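Comments concern the structure below.
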Amino acid sequence: LLDERFSAMDDAQQKTLAGDDAFKLYDTFGFPLDLTEVICAERGYEVDKDGYETALQKAKEQSQWAGQEKAITDVYRDATAQLPEGGVRFIGYERSEERSKLLAILKDGALFDQLDGSALEGVELVFASTPFYAESGGQAGDSGVIVADGMRFEVHDTQRPMTGLVVHKGTLEQGALAVGSEFELKVDSAKRDATRKNHSATHLLHLALRRVLGEHAQQKGSLVGPDRLRFDFTHGEPLTLEQIREIEDIVNERVQWSAPIQTEVLSMEQAKERGAMMIFEEKYGDTVRLLSIADSLELCGGTHAKNTGDIGLFKILSESGVAAGVRRIEAATGMNAVAHVRALEDQLSRAAKVAKSGGGDLAEKIERILAHDKQLEKKIEELQRKLMEGGGSGGMDALLASARDVGGAKVLSVQTEITDRGALRELAEKLRDRLGDSVVLVGSAAEGKAQLVLTVSKSLTSRFQAGNLIKSVAEKVGGSGGGRPDMAQAGGTDVTQLGAAIESLYSVVEQTTAP
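For the sequence shown, counting from 1, position 27 maps to 92 in our numbering; every step adds exactly one.
Here it is, written out as structure tokens:
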């Protein structure tokens with residue numbers, strides 16, 4: 066869609082992408098507005114943000130859940146009004162447990178003073194203070210439990226729907242909740258620690274990317290959870306294996322340093338004077354949190370490991386493109402990275418066992434096996450050709466004898482075991498030449514797909530076009546094809562109909578000759 070719009074905008078000498086188009090990219094293809102802006106900026110265009118917001122609002126008003134969304138927004142606003150000045154106090158940097166007063170209970174777009182039940186889902190709780198980190202800056206929200214005598218609440222996620230408001234989303238497993246009561250809030254420490262490692266690793270990854278690729282490699286988004294991290298950055302081409310290894314080495318070298326990870330709360334001006342890097346176009350206030358990890362200095366508000374050694378191991382799982390000029394790395398740290406390496410070792414071990422290799426010569430053995438397999442395939446193809454040409458009941462003579470006279474032309478359509486397309490073509494040409502003025506179709510199944518080769522004697526091309534004939538035949542196997550008047554090829558996905566497609570040539574030729 067973007068390429069089409071860019072072309073149309075160039076023709077009209079426009080430099081602004083319409084808001085409706087930007088919203089369509091989000092609504093249909095999942096492109097967030099900031100990513101669309103990045104892509105447009107790289108091509109010298111702007112985005113009509115006001116038009117985007119108008120389209121977004123219109124879509125919300127037209128949707129069935131518009132009323133529900135308004136109710137939820139209103140109840141969040143009501144809950145925020147009950148907060149102390151400054152909003153919910155986050156104490157998760159210092160500890161993972163806290164005793165706090167319950168300020169609000171939310172469910173289904175409504176506020177409750179009390180709530181009781183068992184296995185009651187979709188409940189949201191607001192406390193005066195919390196050790197639970199609310200999803201922000203790409204870091205996933207904390208999970209854990211909230212307990213009191215006879216009451217247990219499972220926190221599945223923590224969100225910040227409005228400034229100052231933190232909601233703990235989850236299930237009331239048992240017991241009763243009452244506004245004004247105090248409860249014990251306990252973060253899942255194992256998940257928190259795993260998330261911390263991944264978050265700290267994203268900063269080292271950002272540093273490594275700039276070192277290896279250049280300063281243009283800037284963060285454009287991230288997602289940090291307990292299992293893995295995802296990091297989007299600006300770069301115009303896929304990373305090479307050598308670059309990926311160099312990036313991993315830079316990160317793991319700093320992991321081995323066991324360098325302390327330190328944070329400071331400073332004014333924005335002080336942070337700038339210290340040379341701090343600001344991450345992916347975040348909106349910062351007058352006071353910011355400066356994060357120092359080894360030789361990386363960035364602004365960040367998330368939770369982090371205590372030192373780089375806590376990360377344990379950093380391993381890139383994948384690298385891919387998500388948009389023009391934007392690449393994505395997925396990686397794991399700690400025991401999740403170890404598990405990934407062990408899975409790769411298991412695969413190598415199984416491959417070595419199959420190849421009867423001690424491990425050191427595995428690649429060479431696989432190459433020899435593949436080369437031998439290719440040689441065998443060629444020998445099989447050659448034997449199949451010789452069998453087809455060798456006469457007798459199963460040879461070429463028998464095939465030639467099965468040709469039919471249709472509309473004054475000899476027509477032959479056969480199915481063979483030959484899988485090589487070049488060999489199919491060679492066989493079709495030999496059959497055509499032996500028959501004289503003729504139409505010949507040869508088909509076979511290869512790797513779960515149908516393949517067809519059709520040839521027409523040049524003396525008959527004024528009556529029969531190979532490309533037209535094969536298109537009609539290929540429809541039977543759910544495919545298509547084309548070619549020259551005297552030679553055409555086709556393929557299809559429905560191998561079960563290959564026999565019917567082969568047989569259909571006779572009726573197709575007959576219909577072509579009909580007045």
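Note that beta-carbon positions come from the ideal geometry of N, C-alpha and C, so glycine has one too.
Remember, predicted model here, so these are calculated numbers, not experimental data.
- Non-local beta-carbon contacts of residue 278 in its own chain, meaning distances under 6 Å to residues more than five positions away in sequence, involve 300 in chain order.
- In this structure the region 217 to 229 does not lie against the region 301 to 319, because fewer than three pairs of beta carbons, one per stretch, are closer than 8 Å.
- Between residue 112 and the set 123, 122 and 98, the nearest pair of CA atoms involves 98.
- The closest CA to that of residue 533, considering only 541, 525, 542 and 546, is found on 546.
- Under the three-state reduction of DSSP, residue 502 is assigned to coil, being neither helix nor strand.
- A Cβ-Cβ distance of about 15 Å is found for the pair residue 553 and residue 567, leaving them out of contact under the 8 Å criterion.
- Within the region 384 to 415, no run of alpha helix (DSSP H) reaches 4 residues while sitting entirely inside it.
- With a beta-carbon spacing of about 6 Å, residue 200 and residue 224 fall inside the 8 Å limit used to define contacts.
- Within 10 angstroms of the beta-carbon of residue 286 lie 16 or more other beta-carbons, which makes it buried.
- Taking C-alpha positions only, residue 256 is separated from residue 207 by approximately 8 Å.
- Inter-residue distance for residue 291 and residue 86 is about 35 Å (C-alpha atoms, whole angstroms).
- Around the beta-carbon of residue 475, 16 or more other beta-carbon atoms lie within 10 Å, marking it buried.
- Closest by C-alpha distance to residue 266, out of 238, 232 and 319, is 319.
- Contact between the region 323 to 334 and the region 350 to 362 is present: three or more C-beta pairs spanning the two stretches fall below 8 Å.
- Look at residue 371 here: in three-state DSSP terms it is coil, with no helix or strand label.
- The alpha-carbon separation between residue 202 and residue 421 amounts to approximately 49 Å.
- Secondary structure at residue 228: coil, using DSSP grouped into helix, strand and coil.
- Under a 10 Å Cβ-count criterion, residue 368 is classified as buried, with 16 or more other Cβ atoms of the shown protein chains found around its own Cβ.
- Apart from sequence neighbours up to five positions away, the residues of its chain that approach residue 107 with a beta-carbon distance below 6 Å are 390, ordered along the chain.
- Two segments are said to touch when three or more pairs of C-beta atoms, one from each, lie closer than 8 Å; by this definition the region 137 to 156 touches the region 229 to 237.
- For residue 235, the three-state secondary structure derived from DSSP is strand.
- Annotation for residue 71: the continuous alpha helix (DSSP H) segment containing it runs 67 to 77.
- For residue 557, no alpha helix (DSSP H) segment is defined; the enclosing uninterrupted segment is the beta strand (DSSP E) at 552 to 557.
- Bounds of the beta strand (DSSP E) holding residue 297 are 294 to 299.
- Rounded to the nearest angstrom, the Cβ distance from residue 396 to residue 293 is 7 Å, consistent with a contact under 8 Å.
- Looking at the DSSP output, residue 81 sits in a beta bridge with 111.
- By a beta-carbon distance limit of 8 Å, residue 507 contacts residue 481. Their separation comes to about 6 Å.
- Taken through DSSP and simplified to helix, strand or coil, residue 423 comes out as coil.
- Distance check between residue 479 and each of 447, 516, 512 and 501 places 516 closest, using alpha-carbon atoms only.
- Straight-line measurement puts the Cα of residue 537 at about 57 Å from the Cα of residue 221.
- In the three-state reduction of the DSSP assignment, residue 100 falls in the helix class, which pools H, G and I.
- A direct Cα-to-Cα measurement between residue 529 and residue 540 gives close to 18 Å.
- The shortest C-alpha to C-alpha distance from residue 188 to any of 81, 181, 400 and 172 is the one to 172.
- Contact annotation: residue 493 and residue 505 have beta-carbon atoms nearer than 8 Å.
- Excluding five sequence positions before and after residue 196, the CB atoms of its chain that fall closer than 7 Å to its own CB belong to 156, 157, 160, 161, 162, 163, 250 and 252, given in chain order.
- Annotated three-state conformation of residue 217 is strand, per DSSP.
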